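Contents: one structure, followed by commentary.
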Amino acid sequence: MTARFVAWRILRDVDTNDAYANLVTPRELRSAGLSKPDAAFVTELVYGSLRMRGLYDVVIAHAARRDIQAVDAEIRDVLRLACHQWIA
13 MTARFVAWRI LRDVDTNDAY ANLVTPRELR SAGLSKPDAA FVTELVYGSL RMRGLYDVVI
73 AHAARRDIQA VDAEIRDVLR LACHQWIA
């Protein structure tokens, strides 16, 4: 499992199940068996994407030329992770 996929799974859990990232992240990191650098990368992607979600949603909506809610939820989370890598 890649670090980005783990981060995406965590965001999906937060988004669909109203899970708490601070509880889901450690559990997912343990089960994924990632290296320390990859685990740190996942942590930054998840917390950074959630912290900057409002800004990233504006960027995504502008680029998509539609309301953020019109973007498929799974794609929206991928794009939030991508925004965090590109913008932060």
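Residue 13 is where the sequence shown starts when you use the numbering used here, and the numbers rise one by one after that. Virtual Cβ for every residue (Gly too), placed ideally from N, Cα, C. Fair warning: this is a prediction, and the values are worked out from it, not measured in the lab.
Query                                                                                            : Result
Where the alpha helix (DSSP H) containing Ile87 begins and where it ends                         : 85-99
Alpha carbon of Asn29 to alpha carbon of Asp84, nearest angstrom                                 : 16 angstroms
Same chain, Cβ closer than 6 angstroms to Arg92, neighbours up to 5 away in sequence not counted : Ser61, Tyr68
Beta-carbon proximity of Val26 to Ala15, cut-off 7 angstroms                                     : no
Same chain, Cβ closer than 7 angstroms to Ala73, neighbours up to 5 away in sequence not counted : Asp79, Ile80
Where the alpha helix (DSSP H) containing Arg21 begins and where it ends                         : 15-29
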